[in-house]
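Have a look at the structure below, then the notes.
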Amino acid sequence: MRLDQENGTYCIVNDVVLLFSRPNEIRGVDLNQPHYHTIPTISLPHVVNPTELD
Numbered sequence: 024m025r026l027d028q029e030n031g032t033y034c035i036v037n038d039v040v041l042l043f044s045r046p047n048e049i050r051g052v053d054l055n056q057p058h059y060h061t062i063p064t065i066s067l068p069h070v071v072n073p074t075e076l077d
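Residues in the sequence shown are numbered consecutively from 24, following this note's numbering.
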């Protein structure tokens with residue numbers, strides 16, 4: 024979720040996100056704000072060499 028840009032008091036649900044994986048981590052990125060991570064990065068020791076996302 025992110026704050027509304029007009030008044031900053033309402034939450035907006037992230038409808039479109041991109042999940043991608045790299046060695047030892049999984050990230051979720053908002054397509055409207057590419058530098059904003061929609062989920063915390065999941066990394067070692069919880070992820071080791073991810074190959075597919077369900």
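Virtual Cβ for every residue (Gly too), placed ideally from N, Cα, C.
Values in this document were obtained by computation on a predicted structure and should not be read as measured data.
Could you check the C-alpha separation between residue i and residue j for me, to the nearest Å?
i: residue 38; j: residue 60; result: 13 angstroms
i: residue 26; j: residue 67; result: 30 angstroms
i: residue 50; j: residue 70; result: 11 angstroms
i: residue 57; j: residue 28; result: 16 angstroms
i: residue 72; j: residue 44; result: 9 angstroms
i: residue 34; j: residue 62; result: 15 angstroms
Below 8 angstroms on the Cβ atoms is my guess for residue i versus residue j; work out the distance and round it to an integer in Å.
i: residue 36; j: residue 53; result: Rounded, the Cβ-Cβ distance is 11 angstroms, inconsistent with contact.
i: residue 48; j: residue 64; result: 6 angstroms
Got a sec? Which residues, its chain only, sit under 7 angstroms from residue i by beta carbon, not counting five neighbours each side?
i: residue 46; result: 72
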